[in-house]
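Here the structure is laid out as structure tokens; the discussion comes afterwards.
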């Protein structure tokens, strides 16, 4: 067994199995405490909630509780290994919610026979929570599941593999294009991959100003184009009227490459076909579509990002999902809409352009960081992310009329610090 594998298994097994637990928030030392916590005292909040369901936010932990839910059909880069195998990942997500945004979280792994069964299961337990994070669900089922649950639930439902990836990608890409002297509306974008993350990333870039006709999306059969028959709905969104068929065809004169596919799929020689000052986001994990050393050896004018922490410019969902839920749940938003997602993009993007505190440099184990080719996205350990992103999302929810709480307290930023 390798040292890294042994270390990972030991981390998850010791000193107690798993990564999360439950703590109590009220005294439970005396007979009086127990009488208040359970019978007979608990009857009073029960009556209050029965008379007005909104009182659940006042008397229970609902408002700070996120469900992380999966069916294990698309676990990381490992594929469909089943619900139970997804549990370590879902526990890890719960750990991140607590560590970065102070949100309590419980993981739920659902075994089901049909998509409808999964949707019914989640919808039927939704009232327990203040928000639902869907995770590691394969395409195209994930699109149907999220859409149905948004319609049936009155709390935020967010498929992070789609939208978290898209938000961080958009923030980093907009900054990279700015540094390279390019505008997104004029840029030609090649997307290798056509799953949930790829579609969400491209849709988000369109919302940020990219032109759909300038986007070339590729699946295993090559460029998705209007002459291909029987394309599923999510691929038809990016069927381009073009004669381009291969990755090399699509890269001719392209300004941007976004990879959400698999390792080593971008040939180093293909980089020469791209326009001057290209942007490469090779986000396959753990191994990118092209290694940064190879890419930078071939083109010294590019900006490179990956999904890995051991290279500059890590595209990491933890930069947004804890804080999006924090902001949405703090104003009791019923949904996470496009305006809230775009607010998160702008908040993340703007933070990367500010001076970096010494504490972040220490955590990142670097001597300096400044906005430029090797720093287009904030570091995950930046403590400012929570206040900046959560506040932007909360304000967008209020402004678009999806929040039950219509103003933020004066000390909101301090509370998030």
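In the working numbering, the protein residues as written are 8 to 424.
For every residue, glycine included, the Cβ atom is placed at its ideal position computed from N, Cα and C.
query = Residue ranges of each beta strand (DSSP E) run of no fewer than 3 residues wholly in the region 87-137, ordered along the chain?
reply = 111-116
request  = Please specify which runs of the alpha helix (DSSP H), each continuous and at least 4 residues long, are wholly inside the region 269-331, giving them in chain order.
outcome  = 299-305
request  = Grab the span of the beta strand (DSSP E) containing residue 166 for me, first residue to last.
outcome  = 164-166
inquiry  = Going by DSSP, what residue range makes up the alpha helix (DSSP H) through residue 23?
reply    = Unbroken run through residue 23: none, as it is neither H nor E.
message = Distance check for residue 180 and residue 18, CA to CA, integer angstroms please.
response = 34 Å
query = Identify the residues that DSSP records as bridge partners of residue 199: which are they?
reply = 225, 266
task = Please look up how many angstroms separate the CB atoms of residue 64 and residue 339, rounded, as I've assumed it's under 8 Å.
result = 7 Å
Element boundaries [alpha helix (DSSP H), containing residue 397] = 391-406
ask   = Distance, Cα to Cα, residue 186 vs residue 285?
value = 11 Å
query = Which value, in whole angstroms, describes the spacing of the CA atoms of residue 366 and residue 390?
reply = 9 Å
query = Mind checking residue 228: buried by the 16 CB within 10 Å criterion, or exposed?
reply = exposed
query = Whole alpha helix (DSSP H) runs in the region 19-83 with 4 or more residues, listed along the chain?
reply = 38-44, 50-58, 63-66
message = Beta-carbon within less than 6 Å of residue 242's beta-carbon, same chain only, minus the 5 sequence neighbours each way: which residues are those?
response = 201, 231
request  = Pull up the CB-CB distance for residue 196 and residue 262, whole angstroms please, since I reckon it's below 8 Å.
outcome  = 7 Å
request  = Using 10 angstroms around the beta-carbon of residue 47, count the other beta-carbons present and answer buried if the total reaches 16, otherwise exposed.
outcome  = exposed
query = Nearest-angstrom Cα distance between residue 289 and residue 266?
reply = 5 Å
key: Straight-line gap, residue 3 to residue 25 (C-alpha atoms, nearest Å)   = Past the boundaries of the shown model lies residue 3; the chain is included only from 8 to 424, so the question cannot be answered.
ask   = The alpha helix (DSSP H) with residue 370 in it runs from where to where?
value = 365-371
inquiry  = Buried or exposed, going by whether 16 or more other CB atoms sit within 10 Å of the CB of residue 260?
reply    = exposed
ask   = With burial defined as no fewer than 16 other Cβ atoms inside 10 Å of the residue's Cβ, what is the status of residue 236: buried or exposed?
value = exposed
query = Any idea if residue 291 is buried or exposed, counting beta-carbon neighbours within 10 angstroms, 16 or more meaning buried?
reply = buried
query = Taking the C-alpha atoms as reference points, what is the distance between residue 296 and residue 270?
reply = 4 Å
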